[in-house]
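K.L.:
In terms of my numbering, the numbers along the sequence shown are unbroken and rise by one, the last being 626.
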Amino acid sequence: MIDGFEIQKRYENLPHGEQRLQAIKNAIALADAEKDYEFMYIFRSDLMSESELYGDSFQAFLTFPEMIKIFDEHEEELEKYKHDYIWEFKWILSDCEDFYQVSKAKVYELFAEFRKRCERYGYSLRPYYQCLYHFEKACDKQAAKKAYQQFILAKRDELADCYACELNAMVGYELNTASMGRALETAYPILSGQVSCTEIPDVTYNNIMHRYYELGDFEKAEEYRKKCYRRISKNSSYLFIIGDMLKLYSKTDLTKGVKLFEKHLAWVFTSKNPHSNMKFYIGAAAVFTKLAQKKDEVKLKLPEKSELYKADSIYSTKTLAEYYQSKALDLINKFDKRNESDFYMKEYNYAME
Numbered sequence: 274m275i276d277g278f279e280i281q282k283r284y285e286n287l288p289h290g291e292q293r294l295q296a297i298k299n300a301i302a303l304a305d306a307e308k309d310y311e312f313m314y315i316f317r318s319d320l321m322s323e324s325e326l327y328g329d330s331f332q333a334f335l336t337f338p339e340m341i342k343i344f345d346e347h348e349e350e351l352e353k354y355k356h357d358y359i360w361e362f363k364w365i366l367s368d369c370e371d372f373y374q375v376s377k378a379k380v381y382e383l384f385a386e387f388r389k390r391c392e393r394y395g396y397s398l399r400p401y402y403q404c405l406y407h408f409e410k411a412c413d414k415q416a417a418k419k420a421y422q423q424f425i426l427a428k429r430d431e432l433a434d435c436y437a438c439e440l441n442a443m444v445g446y447e448l449n450t451a452s453m454g455r456a457l458e459t460a461y462p463i464l465s466g467q468v469s470c471t472e473i474p475d476v477t478y479n480n481i482m483h484r485y486y487e488l489g490d491f492e493k494a495e496e497y498r499k500k501c502y503r504r505i506s507k508n509s510s511y512l513f514i515i516g517d518m519l520k521l522y523s524k525t526d527l528t529k530g531v532k533l534f535e536k537h538l539a540w541v542f543t544s545k546n547p548h549s550n551m552k553f554y555i556g557a558a559a560v561f562t563k564l565a566q567k568k569d570e571v572k573l574k575l576p577e578k579s580e581l582y583k584a585d586s587i588y589s590t591k592t593l594a595e596y597y598q599s600k601a602l603d604l605i606n607k608f609d610k611r612n613e614s615d616f617y618m619k620e621y622n623y624a625m626e
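So, in structure tokens, the structure goes:
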């Protein structure tokens with residue numbers, strides 16, 4: 274018989290990230306060996322939380338099917354964890370947009386299963402529609418609009434995201450459908466520091482920065498880039514934001530773009546999130562494509578594990594541009610094919626202008 278709570282206490286004292294993830298995996302192996310169903314479930318739940326909040330969500334995606342199987346097979350004994358597992362199911366829905374490997378049919382199957390379980394337990398469908406809106410943004414604008422409207426109308430309950438996250442979703446919608454003034458007005462509680470959470474205002478700053486970038490107001494975009502970068506510069510789960518910042522620098526300051534690329538390239542080698550990697554590659558492709566138009570070579574400190582690594586640290590800008598164009602387009606094609614849209618190709622084309 275394992276002392277699950279003592280094991281949990283030990284790994285909770287470890288720093289967030291890979292070290293804690295590995296300790297939780299070891300705990301899962303112990304619980305599985307003992308067939309301790311409660312801790313088989315609890316440890317997997319903790320692994321999902323760690324992966325979602327301090328990793329790239331890949332481990333959460335792998336773990337969830339095991340966790341829900343354990344819950345379904347021992348529902349009576351694990352009934353007290355019902356809310357936790359439905360909440361984590363919501364995370365999985367949010368992750369679907371990040372993994373092109375999950376077919377569109379499978380995504381909709383997961384949404385249908387989540388809806389069925391919400392209705393069985395009497396939860397509001399507000400988070401269902403919120404997650405559906407986020408997924409559909411890159412697939413079908415009209416479907417996204419419909420899901421957003423249903424999200425707003427559905428009642429809040431204990432399964433709803435925190436107020437900061439919901440407000441961020443509203444800001445994101447208005448950034449793309451209303452005026453910038455209206456979006457900033459909606460964002461005021463976030464921008465003024467009245468509301469916040471683990472990811473907010475970080476993601477909100479990036480969303481506003483990105484919209485100003487799309488509108489060509491690079492001065493305002495830089496204002497929000499600075500606010501955002503101060504908060505995310507040491508968190509590798511924000512690799513996708515670094516990609517957006519690289520796109521901005523490709524329009525404004527190639528020297529800073531190269532430095533930002535150099536500083537955060539290592540994050541790509543540990544990321545298993547294809548959406549985050551794609552965003553970084555788009556930004557890198559934009560920077561080096563523009564740089565190749567100005568100079569033939571650049572000095573860079575690339576990790577030895579890089580396919581392009583050279584001991585003399587002198588690189589052809591054309592080679593760098595072509596390499597990251599290829600990396601970006603490979604993932605763009607996979608995501609757009611899954612999503613049945615040209616959403617990311619449009620993003621790439623604007624970045625390359």
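Note that beta-carbon positions come from the ideal geometry of N, C-alpha and C, so glycine has one too.
Buried or exposed for R317, going by 16 or more other Cβ atoms inside 10 Å?
P.N.:
Result: buried.
K.L.:
Tell me, which residues are paired with V571 by DSSP?
P.N.:
Bridge partners of V571: Y588.
K.L.:
Between which two residues does the alpha helix (DSSP H) harbouring H483 extend?
P.N.:
Note, H483: alpha helix (DSSP H), 475–488.
K.L.:
Could you compute how far the alpha carbon of L521 sits from the alpha carbon of L351?
P.N.:
When rounded, the distance between both Cα atoms is 48 Å.
K.L.:
Would you call R498 buried or exposed, if buried means 16 or more other Cβ atoms sit within 10 Å of its Cβ?
P.N.:
R498 is buried by the Cβ-count criterion.
K.L.:
By DSSP, does P576 sit in helix, in strand, or in coil?
P.N.:
Coil.
K.L.:
Given that a residue counts as buried once 16 or more other Cβ atoms are within 10 Å of its Cβ, and exposed if not, what is A584?
P.N.:
A584 is exposed by the Cβ-count criterion.
K.L.:
For H407, name the three-state secondary structure that DSSP assigns.
P.N.:
Correct three-state label for H407: helix.
K.L.:
Measuring alpha carbon to alpha carbon, tell me which residue in Y596, E496, L512 is nearest K536.
P.N.:
The option with the nearest alpha carbon to K536 is L512.
K.L.:
Give me, in chain order, the residues of the same chain whose beta-carbon lies closer than 7 Å to that of A494; leave out the 5 immediate sequence neighbours on both sides.
P.N.:
Result list for A494: M482, Y485, Y486, L521, in chain order.
K.L.:
Could you pull out every residue in the same chain whose Cβ sits closer than 6 Å to the Cβ of D319, ignoring the five residues on either side in sequence?
P.N.:
Cβ within range, chain order: I297.
K.L.:
For chain D, is any of its Cβ atoms less than 7 Å away from the one on K342?
P.N.:
Although the question refers to chain D, the structure presented lacks it and comprises just one protein chain.
K.L.:
Figure out for me which residue from E291, L326, H347 has the closest Cα to the Cα of M313.
P.N.:
The shortest Cα separation from M313 among E291, L326, H347 belongs to H347.
K.L.:
Going by CA-CA distance only, name the one from E409, V560, F424, Q292 that's closest to Y402.
P.N.:
Of the listed residues, the one whose Cα sits closest to Y402 is F424.
K.L.:
Between K607, N606, Q598, F561, which lies nearest to Y588 when the distance is taken from Cα to Cα?
P.N.:
Looking at the Cα atoms, F561 is the closest of the given residues.
K.L.:
Can you look up Y314 in the DSSP assignment and give me helix, strand or coil?
P.N.:
Three-state DSSP puts Y314 in a helix.
K.L.:
Give me the Cα-Cα distance between A411 and D305, rounded to the nearest whole angstrom.
P.N.:
The alpha-carbon atoms of A411 and D305 are separated by roughly 39 Å.
K.L.:
Nearest by alpha-carbon distance to F344: which of Y502, E595, K600, Y310 is it?
P.N.:
Ranking the options by Cα distance to F344, first place goes to Y310.
K.L.:
Tell me the DSSP secondary structure of G290 in three-state form.
P.N.:
In this structure, G290 counts as coil in the three-state DSSP scheme.
K.L.:
Pairs of beta-carbons, one from the segment 376–387 and one from the segment 600–613, closer than 8 Å: are there three or more?
P.N.:
Yes, they touch.
K.L.:
How is the alpha helix (DSSP H) around N441 delimited, first residue to last?
P.N.:
From DSSP, the alpha helix (DSSP H) with N441 extends over 436–450.
K.L.:
Which value, in whole angstroms, describes the spacing of the CA atoms of R390 and L294?
P.N.:
Roughly 28 Å between the two C-alpha positions.
K.L.:
Residue ranges of each alpha helix (DSSP H) run of no fewer than 4 residues wholly in the segment 325–374, ordered along the chain?
P.N.:
Segments of the alpha helix (DSSP H) lying fully in the segment 325–374: 331–346, 348–351, 355–368.
K.L.:
For L538, which three-state DSSP category applies?
P.N.:
Three-state DSSP puts L538 in a helix.
K.L.:
Return yes when the Cβ of L573 is within less than 7 Å of the Cβ of S586, no when it is not.
P.N.:
For S586 and L573, yes; Cβs fall inside 7 Å.
K.L.:
Would you identify the three-state DSSP class for Y502, choosing helix, strand or coil?
P.N.:
Of the three classes helix, strand and coil, the one that applies to Y502 here is helix, per DSSP.
K.L.:
With distances taken Cα to Cα, identify the nearest neighbour of G530 among S549, Y421, V571, S322.
P.N.:
For the residues S549, Y421, V571, S322, the minimum Cα distance to G530 belongs to V571.
K.L.:
So, A601 versus Y554, is the Cβ gap smaller than 7 Å?
P.N.:
Contact: yes.
K.L.:
Would T590 pass as a contact of K563 if the rule is Cβ separation under 7 Å?
P.N.:
For T590 and K563, no; Cβs fall outside 7 Å.
K.L.:
Excluding the 5 residues flanking K552 on each side, which residues of the same chain have their C-beta closer than 6 Å to its C-beta?
P.N.:
The residues are F513, G516.
K.L.:
How would you write the range of the alpha helix (DSSP H) that L521 sits in, first residue to last?
P.N.:
First-last of the alpha helix (DSSP H) with L521: 512–525.
K.L.:
In whole angstroms, what separates the C-alpha of Y446 from that of D371?
P.N.:
Each residue's alpha carbon lies about 19 Å from the other.
K.L.:
Taking contact to mean at least 3 C-beta pairs separated by less than 8 Å, is the segment 283–293 in contact with the segment 323–335?
P.N.:
With the cut-off at 8 Å, the segment 283–293 and the segment 323–335 touch.
K.L.:
Quick one: what does DSSP say G556 is sitting in, helix, strand or coil?
P.N.:
Reduced to three states, the DSSP call for G556 is helix.
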